[in-house]
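*Asks:*
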Amino acid sequence: MAKDGDTIEMINVNRPSSKPSSLKFPLSFFEATVASTVALSFIVGLLGVYLTLPDSDYSFLKRPRSLHDLQLLRDNLETYTSDYTAQVLVGYCVVYIFMQTFMIPGTVFMSLLAGALFGVVKGVALVVFTATAGASSCFFLSKIIGRPILFCLWPDKLKFFQTQVAKRRKSLLNYMLFLRLTPTLPNTFINFASPIVDVPYHIFFLGTVIGLIPAAYVTVRAGLALGELQSIGDLYDFNSIATLFLIGIVSVTPTLMGKSDS
């Protein structure tokens, strides 16, 4: 049975769903201003990186939408990575964190690129760092603007997440690890919804850092053989998926055992 605090918490989450908010823009002027300011800060950072690079044709610098785009980007960036390592690293971090903050799809291509440009060890460290920073940025931005957006776009999914968090409050870190390691909920949704359902940041942070390492390793390692990939589906063969699920089940076992004992 949920505690009184959990019951009140769930009532607060469910209450706005009864309002016909889908017919109007969910953000207030202040919330929209905050989101625009954050986006502008990332754009200024990218512009600063771009201006420090030598004059050249940078038409290849675009967000990859396919493996072909990614291979072209890798081929062009290899030279710049050796000559302008700092600029490439800063540019990579800004782009990845920006995409994570605003839930822009395509970070899997960025993880593959890290492996192709920096190798496994440096690539995994870079991906875990940027993914955690981006998830944290999304977490804190959601504290300001997330509630109306979630109520408008994903009320049922938010209710499900709220219920699961309330049930597993005593072993929340294990549950967050399970979510990161398995496709139970999208990572972008977890980043955005966690502060709304009162997941403490230290739990969110630890679950993100630890939970992203296995998937980051699989993706970054695949980036070493980028030319051999035919589709994104080639990243996760049966062994990789089974391993991630096994780790996820192990991580949530203390939670399940705690419930059975009670």
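When you line the sequence shown up against UniProt numbering, it's residues 1 to 262, in that order. No residue lacks a Cβ here, since even glycine has one placed at the ideal position from N, Cα and C. Everything numeric in this text was worked out from a predicted model, so none of it was measured.
1. Could you give the C-beta distance for K157 and F189, rounded to a whole number, given that I count them as a contact under 8 angstroms?
2. Between which two residues does the alpha helix (DSSP H) containing V94 stretch?
3. With H, G and I counted as helix, E and B as strand and the rest as coil, what does DSSP make of P54?
4. Helix, strand or coil: which one does DSSP assign to P214?
5. Quick check on R74: buried or exposed, where buried means 16 or more other Cβ atoms within 10 Å of its Cβ?
6. Which same chain residues end up closer than 7 angstroms to I144 when comparing Cβ atoms and leaving out the 5 residues on each side of it in sequence?
7. Measuring only the C-alpha atoms, how far is L212 from V120?
8. Just checking, does the segment 121 to 134 make contact with the segment 96 to 104 on the three C-beta pairs under 8 angstroms criterion?
9. Would V88 and L77 qualify as a contact pair, given that the criterion is a beta-carbon distance under 9 angstroms?
10. From L172 to F102, what distance separates their C-alpha atoms?
11. Where does F189 fall in DSSP's three states?
12. Label L40 either buried or exposed according to how many other C-beta atoms from any shown protein chain fall within 10 Å of its C-beta, with 16 as the threshold for buried.
13. Figure out for me which residue from L224, N174, F192, I149 has the closest Cα to the Cα of V28.
14. Grouping DSSP H, G and I as helix and E and B as strand, with all else coil, what is S22?
15. Between which two residues does the alpha helix (DSSP H) harbouring G134 extend?
16. For T37, which of helix, strand or coil comes out of DSSP?
17. Given this structure, state the Cα-to-Cα distance separating S21 from Q162, to the nearest angstrom.
18. For L224, name the three-state secondary structure that DSSP assigns.
19. Under 9 angstroms between the Cβ atoms of A114 and G45?
20. Please state whether the Cβ-Cβ distance between V220 and V127 is less than 9 angstroms.
*Replies:* Result, derived from the coordinates:
1. 6 angstroms
2. 85 to 101
3. coil
4. helix
5. buried
6. E31, V34
7. 14 angstroms
8. yes
9. yes
10. 25 angstroms
11. helix
12. exposed
13. It should be pointed out that residue 28 corresponds to Ser in this sequence rather than to Val. It is I149.
14. Here S22 scores only 42 on pLDDT, less than 50, and its place in the model should not be relied on; the value that follows carries that caveat. S22 falls in the helix class under three-state DSSP.
15. 107 to 153
16. helix
17. Confidence at S21 is low in this model, with a pLDDT of 41, below 50, so the placement of that residue is unreliable and no value is reported for it.
18. coil
19. no
20. yes
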